[in-house]
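Asker: With this note's numbering applied, the sequence shown covers 116 to 522.
Yeah, the Cβ is synthetic: ideal placement off N, Cα and C, and Gly gets one too.
For clarity, every value in this text was computed on a predicted model and none was experimentally measured.
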Amino acid sequence: MKDRYDVLVIGAGPAGSIAARTAAEKGLDVLLIEKRQEIGDPVRCAEGVNKEYLKKHVEIDKRWICADLKASFIYAPDGTRIEMAEEISGGEVGYVLERKVFDRALAEHAAAAGAEVRVKTRATDLIIEDGFVRGARLMHIGNMYDVRASIVIGADGVESKVGRWAGIDTSLKPIDIETCTQYLIAGEGIDQDHCEFYIGNEIAPGGYVWIFPKGEGKANVGIGILGNRTGKFKPRPVDYLNSFLDKKFPNASVVEMVYGGVPVSGSIEKTSANGLMLIGDAARQSDPITGGGILNAMEAGKLAGEAAYTAISAGDVSLQKLEEVYEKRWRATIGHDIDMSLIVKNCFINLSDEDLNSLAHSLKDVKFDRMSLLDLLQALFKANRKLLWDLRVLFKDAAKEVARNKL
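#1: Strictly by DSSP, which residues pair up with ASP308?
#2: Measuring straight from C-alpha to C-alpha, what distance separates GLU149 and ASN258?
#3: So LEU457 is in the alpha helix (DSSP H); what residue range does that whole segment cover?
#4: What do you reckon, are the CB atoms on VAL267 and ALA251 nearer than 8 Å?
#5: Per DSSP, which residues does CYS295 bridge with? Please list them.
#6: Below 6 Å CB to CB, which residues in the same chain sit around ILE409 once its five sequence neighbours on both sides are set aside?
#7: Could you tell me whether the stretch 333–348 touches the stretch 221–229, where touching means 3 or more Cβ pairs closer than 8 Å?
#8: Which runs of the alpha helix (DSSP H) at least 4 residues long sit entirely within the stretch 232–282? Give them in chain order.
#9: Between the Cα of LYS363 and those of LEU212, TYR190, GLU174, spot the shortest distance and give me the residue it belongs to.
#10: If you count every other CB in all the chains shown that lies within 10 Å of the CB of ASP271, and 16 or more means buried, which is it?
#11: May I have the straight-line CA-CA distance separating VAL277 from LEU434, to the nearest angstrom?
#12: Using beta-carbon positions only, say whether ALA334 and PRO328 come within less than 8 Å of one another.
#13: Quick check: what's the CA-CA separation for ALA281 versus ARG136?
#14: With distances taken Cα to Cα, identify the nearest neighbour of GLY420 among VAL158, VAL145, GLU311.
#15: Any chance you could list the alpha helix (DSSP H) runs of at least 4 consecutive residues sitting entirely within the stretch 167–200, in chain order?
#16: Which same chain residues, not among the five before or five after LEU418, have their C-beta less than 7 Å away from its C-beta?
#17: Between the C-alpha atoms of LYS117 and PHE247, what's the straight-line distance to the nearest angstrom?
#18: Expressed to the nearest angstrom, what Euclidean distance is found between the alpha-carbon atoms of MET254 and THR239?
#19: Between which two residues does the alpha helix (DSSP H) containing LYS215 stretch?
#20: Per DSSP, what are the beta-bridge partners of TRP325 in this structure?
#21: Quick check on the burial criterion: 16 or more other C-beta atoms within 10 angstroms. Buried or exposed for GLY155?
#22: Restricting to Cα atoms, I'd like to know which of GLY430, LEU478, HIS451, ARG351 is closest to GLN400.
#23: Could you check where the beta strand (DSSP E) with VAL124 kicks off and where it finishes?
#24: Name the residue from ASP354, LEU287, ALA220, PRO378 whose alpha carbon lies nearest to the alpha carbon of VAL232.
#25: Exposed or buried, what is LYS177 when buried is set at 16 or more other beta-carbons lying within 10 Å of its beta-carbon?
#26: Going by DSSP, what residue range makes up the alpha helix (DSSP H) through ILE409?
#27: Where THR448 and SER187 are concerned, what is the direct C-alpha to C-alpha distance, given to the nearest angstrom?
#28: Relative to the alpha-carbon of GLU439, which residue among ALA397, LEU287, MET392 has its alpha-carbon at the smallest distance?
#29: Would you kindly report the start and end of the unbroken beta strand (DSSP E) that includes VAL145?
#30: What is the rounded straight-line gap between the Cα of ALA415 and the Cα of GLY304?
#31: TYR168 and ALA264: beta carbons closer than 8 Å?
#32: Can you tell me which of GLY407, LYS288, PHE217 puts its alpha carbon nearest to the alpha carbon of VAL173?
#33: What does a CB cutoff of less than 8 Å around THR195 pick up in its chain, not counting 5 residues either side in sequence?
#34: Please say whether ARG249 and ILE243 have beta carbons closer to each other than 8 Å?
#35: Between the alpha carbons of CYS295 and GLY376, how many angstroms are there, rounded?
#36: Can you find the residues in the same chain that come closer than 8 Å, C-beta to C-beta, to ASP306, ignoring five residues on each side of it along the sequence?
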């Protein structure tokens, strides 16, 4: 490990690896570190992604595809089923990945582009001089190193320490985070061509249960619950998940279990500082409705890698420059979608099971393969007039999109 690089990327998830690859492809000297000894393990994700968006960032390799989904089914509290074709099912439906293989492949791509990759390497603090982040103090297999860099990219996940060290408030309130538990189950012969989502305040308050096929009869079955709806005197996510599993898959074998938190608060206030950028979950770039964040993380990583090249080439890594070349760009794209999703999330988490059933009844016969967002909103309004006010910003945004497409 050298003591100087152009770019230091902390965290080798999809965001960090794409950032490292992008910066290395631009000719920058890049170090990508991961605190764990294995990249991609443990998995903290349902592992679903939209095919077309994924193809924008990486060539598809069948080795890390477990299932190829054709649709998604959403179940209301009373069991009413809504079927959505793959094309409009959202960013988490399409391929189901094997993240342990996928994440490692992305890091290998970064290495192939010229980045140096180090596992079992943890950042313990930032090097800050004259108000600028100048690198980080790293621990690698018990040895300490001071590594300097023109830019540090924090891709270290929920409540990013890198961000806090740079003076960015990355803390989250319980209402802003989904606490999640997921099992990998086997032995149930689960249908492998669609995923399923279950909503309702009794089954998953402030969240949902998911089933994502993993091939060979296996599936990820998990749950996410708003942090303020679980706690010391309330059931835990694992309690709700066990109850669901007992009813849905009573004979299933649980062969793996993971748990963690996902930010669903919408965008963090700032993702840049002098000499530093935050990406992925560290920047709260996950979808507030689904908690899904792989594709947003990859896009943010690409933007950050490009921004690092632009800023270093200009000899200006100040907050003002990074806001110009990174922050404004991601907020105009990823950030806009996150803002719209947050509006929907804040509306739907307060609906009763009766309201959710009513909405499902109004949509159960709709042909979603031919429905636009504007059509969907109009159908929802017919079932619940209050939504017209709660989702008015989203309605206006969808109408503007329709108008732009007609030009």
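Answerer: This is what the structure gives:
#1: The residue labelled residue 308 in the question sits at position 193 within the sequence shown. Answer is none; ASP308 lacks a bridge partner.
#2: Residue numbering aside, residue 149 sits at position 34 when the sequence shown is read from its first letter. Residue numbering aside, residue 258 sits at position 143 when the sequence shown is read from its first letter. Each residue's Cα considered, the two are about 15 Å apart.
#3: Position 342 of the sequence shown, counting from 1, holds the residue named residue 457. Segment 449–463, the alpha helix (DSSP H) holding LEU457.
#4: The residue labelled residue 267 in the question sits at position 152 within the sequence shown. The residue labelled residue 251 in the question sits at position 136 within the sequence shown. Yes.
#5: Within the sequence shown, residue 295 is the residue found at index 180, counting from 1. BP columns for CYS295 point to GLY339, GLY375.
#6: For the purposes of this step, residue 409 is taken as residue 294 along the sequence shown, with counting starting at 1. For ILE409, where only same-chain residues beyond five positions count, the Cβ hits under 6 Å are PRO129, VAL164.
#7: no
#8: 276–280
#9: Here the question's residue 363 lines up with position 248 in the sequence shown. Measuring from the Cα of LYS363, the nearest candidate turns out to be TYR190.
#10: By 1-based counting over the sequence shown, the position of residue 271 is 156. With 16 or more Cβ atoms within 10 Å of its Cβ, ASP271 is classed as buried.
#11: Numbered from its first residue, the sequence shown carries residue 277 at position 162. Numbered from its first residue, the sequence shown carries residue 434 at position 319. C-alpha separation (whole angstroms): 16 Å.
#12: On the sequence shown, position 219 is the one that residue 334 refers to. On the sequence shown, position 213 is the one that residue 328 refers to. The answer is yes: Cβ separation under 8 Å.
#13: Taking the sequence shown and counting its residues from 1, one reaches residue 281 at position 166. Taking the sequence shown and counting its residues from 1, one reaches residue 136 at position 21. Using only the alpha carbons, I get a separation of about 24 Å.
#14: Within the sequence shown, the letter at position 305 stands for residue 420. Cα-wise, what sits closest to GLY420 is VAL145.
#15: none
#16: Translated into the one-based positions of the sequence shown, residue 418 becomes position 303. Listed in chain order, the non-local C-beta contacts of LEU418 below 7 Å within the same chain comprise TYR441, ARG444, TRP445, local neighbours out to five positions each way being set aside.
#17: Position 2 of the sequence shown, counted from the start, is the residue given in the question as residue 117. Position 132 of the sequence shown, counted from the start, is the residue given in the question as residue 247. Taking the straight line joining both Cα atoms gives about 20 Å.
#18: On the sequence shown, residue 254 is found 139 positions in, with the first residue counted as 1. On the sequence shown, residue 239 is found 124 positions in, with the first residue counted as 1. Their backbone Cα atoms lie some 7 Å apart in a straight line.
#19: For the purposes of this step, residue 215 is taken as residue 100 along the sequence shown, with counting starting at 1. Segment 214–227, the alpha helix (DSSP H) holding LYS215.
#20: Locating residue 325 in the sequence shown gives position 210, where the first residue counts as 1. Beta-bridge pairing links TRP325 to PHE312, GLY337.
#21: Translated into positions along the sequence shown, residue 155 becomes position 40. Here GLY155 is buried: its Cβ has 16 or more other Cβ atoms, across all protein chains shown, within 10 Å.
#22: On the sequence shown, position 285 is the one that residue 400 refers to. Among GLY430, LEU478, HIS451, ARG351, the Cα nearest to that of GLN400 belongs to HIS451.
#23: Sequence index remark: in the sequence shown, residue 124 carries index 9 (1-based). Here the beta strand (DSSP E) through VAL124 covers 119–125.
#24: Within the sequence shown, the letter at position 117 stands for residue 232. The candidate whose alpha carbon is nearest that of VAL232 is ALA220.
#25: Taking the sequence shown and counting its residues from 1, the one referred to as residue 177 is at position 62. LYS177 counts as exposed, since fewer than 16 other beta carbons sit within 10 angstroms of its beta carbon.
#26: Indexing the sequence shown from 1 puts residue 409 at position 294. Per DSSP, ILE409 belongs to the alpha helix (DSSP H) from 409–429.
#27: By one-based count along the sequence shown, residue 448 stands at place 333. By one-based count along the sequence shown, residue 187 stands at place 72. Rounded to the nearest whole angstrom, the CA to CA distance from THR448 to SER187 is 25 Å.
#28: Looking up residue 439 in the sequence shown gives position 324. Taking only the C-alpha atoms, the option nearest GLU439 is MET392.
#29: One-based indexing of the sequence shown puts residue 145 at position 30. Per DSSP, VAL145 belongs to the beta strand (DSSP E) from 145–148.
#30: For the purposes of this step, residue 415 is identified with residue 300 of the sequence shown, where counting begins at 1. For the purposes of this step, residue 304 is identified with residue 189 of the sequence shown, where counting begins at 1. Roughly 37 Å separates the two Cα atoms.
#31: Position 53 of the sequence shown, counted from the start, is the residue given in the question as residue 168. Position 149 of the sequence shown, counted from the start, is the residue given in the question as residue 264. The criterion of a C-beta distance shorter than 8 Å is not satisfied by TYR168 and ALA264.
#32: Numbered from its first residue, the sequence shown carries residue 173 at position 58. Nearest C-alpha to VAL173: PHE217.
#33: Counting from one through the sequence shown, the residue named residue 195 turns up at place 80. Result list for THR195: ASN472, ALA475, HIS476, LYS479, in chain order.
#34: In the sequence shown, counting from the first residue as 1, residue 243 sits at position 128. In the sequence shown, counting from the first residue as 1, residue 249 sits at position 134. In this structure, the beta-carbon distance from ILE243 to ARG249 falls below 8 Å.
#35: For this step, residue 295 is matched to residue 180 along the sequence shown. For this step, residue 376 is matched to residue 261 along the sequence shown. Taking the straight line joining both Cα atoms gives about 6 Å.
#36: Here residue 306 is taken as the residue at index 191 of the sequence shown, counted from 1. If we look at ASP306 and ignore the five residues flanking it on each side, its Cβ neighbours are PRO328.
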